[in-house]
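Enquirer:
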């Protein structure tokens, strides 16, 4: 099975006290900074709660493979626990707390590798199969070797075929594949070797990677990269200058495991884990004579701790012109299929609206776009055109809205230069961070609830994830950059909207709320009372007239 960007495992019901279970299998670090100790802190610490009491939280259970004698300077000794003791730990947990995710790290000898591979190969048929993450610990942060060549042979021959997500750093890639990561081409070569051993997805941790010579941004940025063979995803953050980073790899892989167990898509858990470690490194302090451990500060909520995300390495080095800004709070935002519906709702006092006339040839779409623009000017409203960005620019529309599939083919720079506002759809942390780097006029976060209006590759995010992303965008404070307006969309009816307005979201987009309403005018009145029409339009009319004058003059 190939783990795609939006692949999720079924989470436990997080609205109840029950938690998603993560098994951490690895060694004990007597200094407390790495190993099982770091696993517990990261898995249990990555938790959050919204204003309504919705919670997302995981519970760490442990299977200790090795006891190490170490401090912040060195590892002096280690003792592998016998197989029968590993077996007892496994059976006790399996009978009572089966996992959603298993996170594996230090295995001390080939016998432990063989035993674990056998357990995974013979997973009980009556239990859902967990996602398996393997962080192949070969060298401690102190520089001491923790595994020998016979163990690596057993890992390659027996364990990797059972691994869903592998999280090696550059040293571990070199130890397992013999490939030094010097360029993006080397990442692809290494993945092919891992895939031959049966690994489904590889997440290359960039903290130890050093310079990728064909990626200029890697001079001063840490780049994490993952692939499943079908696509690549990247997270990049400025390099941090710190002496303290003990347990970085353990904490990253465990935060990833925790996010996945809680039902976050793989690419979103990737970005969250990256941010978790970034905030921890910024706050890390020494506790002994050597490097101190990563700090464990809970769910990351500051914009500056999150990475820039990209589907292509070239995106990471691109400079973007910001699109024209729009009001921070766009208010009620109906999405309608026809010009007739557009006009009817504008007459009700709605000031933000989108024309979504899908799958029409351009010659049929153009008169509709032109009518929509004129109606927007007549009612001094923010009228966005879905998809047809060239026509929106041609007729000086207030704005255009594009989905993730469409933005890749659109000329975003041309839209920015035109002064036409740009809204972008997102479906989770990773897409939200990537879209924000394009500097659009607003971001739509969806889909929040199950919807029948279109087939969605992602699962509903729910109010908690909406609240997290809206609050994160609200924390975005960059000199010279406008605050980012946000829109919630997807399956939001009037009852669910009561929950949505408790978040930092600035607008609610609705699709069926009016087209299926018995009394459209009454529905508009009720929705406007709940959500509002958005911020004062101010100089909107003058802006539109200026665009029209410039067009006629050109």
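Residue numbers (the numbering used here): 6 to 559. Ideal Cβ positions, reconstructed from N, Cα and C, are used throughout, including at glycine.
#1: Check each candidate in 126, 360, 495 and name the one with the smallest Cα separation from residue 135.
#2: Residues in the same chain with beta-carbon distance under 8 Å from residue 363, minus the five sequence neighbours each way, listed in chain order, please.
#3: Please determine whether the Cβ atom of residue 467 lies at a distance below 7 Å from any heavy atom of the ligand ATP.
#4: What three-state label does DSSP hand residue 167 in the structure shown?
#5: What's the gap between the Cα of residue 236 and the Cα of residue 316?
#6: Roughly how many angstroms separate the alpha carbons of residue 83 and residue 32, rounded to a whole number?
#7: Within its chain, find whatever has a CB closer than 8 Å to the CB of residue 24; leave out the 5 residues flanking it on each side and keep chain order.
#8: Hey, out of 463, 505, 404, whose CA is closest to residue 59's CA?
#9: Should residue 486 go down as buried or exposed, given a rule of 16 or more other Cβ atoms within 10 Å for buried?
#10: For residue 158, which of 444, 395, 181, 34 has the nearest alpha-carbon?
#11: Which runs of the alpha helix (DSSP H), 4 residues or longer, sit entirely within the region 466-505?
#12: Could you tell me which residues DSSP pairs with residue 430 in its beta bridges?
#13: When you compare the CB positions of residue 538 and residue 336, do they come within less than 8 Å of one another, or not?
#14: Under the assumption that residue 431 contacts residue 450 (Cβ atoms under 8 Å), give the Cβ distance between them as a whole number of angstroms.
#15: Could you tell me how far apart the beta carbons of residue 251 and residue 297 are, in whole angstroms, since I believe they sit closer than 8 Å?
#16: Using only the alpha-carbon positions, how far apart do residue 293 and residue 481 sit?
#17: Check this for me: beta carbons of residue 282 and residue 253, under 8 Å apart or not?
#18: Counting C-beta neighbours from all protein chains within 10 Å, is the total for residue 90 16 or more, i.e. buried, or is it exposed?
#19: Going by the beta-carbon positions, is the gap between residue 433 and residue 310 smaller than 8 Å?
#20: Is it buried or exposed for residue 437, if we count other Cβ within 10 angstroms and need 16 for buried?
#21: I'd like to know if the region 342-359 and the region 370-390 are in contact, where contact means that at least 3 CB-CB pairs between them fall below 8 Å.
#22: Is there at least one Cβ from chain C nearer than 8 Å to residue 274's Cβ?
#23: Alpha carbon to alpha carbon, how far is residue 412 from residue 429?
#24: Going by C-alpha distance, which of 123, 130, 186, 190 is nearest residue 162?
#25: Determine the extent of the beta strand (DSSP E) in which residue 108 is found, giving its start and end residues.
#26: Going by DSSP in three states, residue 242 sits in which element: helix, strand or coil?
#27: For the putative contact between residue 333 and residue 210, defined by C-beta atoms under 8 Å, what is the C-beta separation to the nearest angstrom?
#28: For residue 155, count neighbouring Cβ atoms within 10 angstroms of its own Cβ and tell me buried if that reaches 16, exposed if not.
#29: Verify whether the separation of the beta carbon atoms of residue 29 and residue 67 is less than 8 Å.
#30: Please name the residue, chosen from 340, 330, 256, that lies closest to residue 445 on a Cα-to-Cα basis.
#31: Hey, could you find the ends of the beta strand (DSSP E) residue 139 is sitting in?
#32: Can you give the Cα-Cα distance for residue 95 and residue 540, rounded to whole angstroms?
#33: Residue range of the beta strand (DSSP E) that residue 338 falls in?
#34: Which parts of the region 238-316 are runs of the beta strand (DSSP E), unbroken and 3 residues or longer, counting only runs that do not cross its ends?
#35: Give the secondary structure of residue 148 by DSSP, where H, G and I count as helix, E and B as strand, and everything else as coil.
#36: From residue 299 to residue 528, what distance separates their C-alpha atoms?
Expert: Let me spell this out:
#1: 126
#2: 342, 391, 392
#3: As presented, the structure is devoid of all ligands, the ligand ATP included, so that no description of it is given.
#4: helix
#5: 8 Å
#6: 9 Å
#7: 17, 62, 63, 64
#8: 505
#9: exposed
#10: 181
#11: 467-479, 499-505
#12: 449
#13: yes
#14: 6 Å
#15: 6 Å
#16: 35 Å
#17: A contact, by the Cβ cut-off of 8 Å.
#18: Counting Cβ neighbours within 10 Å, residue 90 comes out exposed, since fewer than 16 surround it.
#19: no
#20: buried
#21: yes
#22: Judged by its chain identifiers, the structure shown contains no chain C, having just a single protein chain.
#23: 8 Å
#24: 123
#25: 106-109
#26: Shown here, residue 242 sits in a strand according to DSSP, grouped into three states.
#27: The pair is not a contact, with the Cβ atoms about 37 Å apart (cut-off 8 Å).
#28: Looking at its Cβ environment, which holds fewer than 16 other Cβ atoms inside 10 Å, residue 155 is exposed.
#29: Yes.
#30: 330
#31: 136-139
#32: 57 Å
#33: 336-341
#34: 313-315
#35: Reliability fails at residue 148, whose pLDDT of 44 lies under 50, so the model's placement of it is uncertain and the value that follows must be treated cautiously. For residue 148, the three-state secondary structure derived from DSSP is coil.
#36: 52 Å
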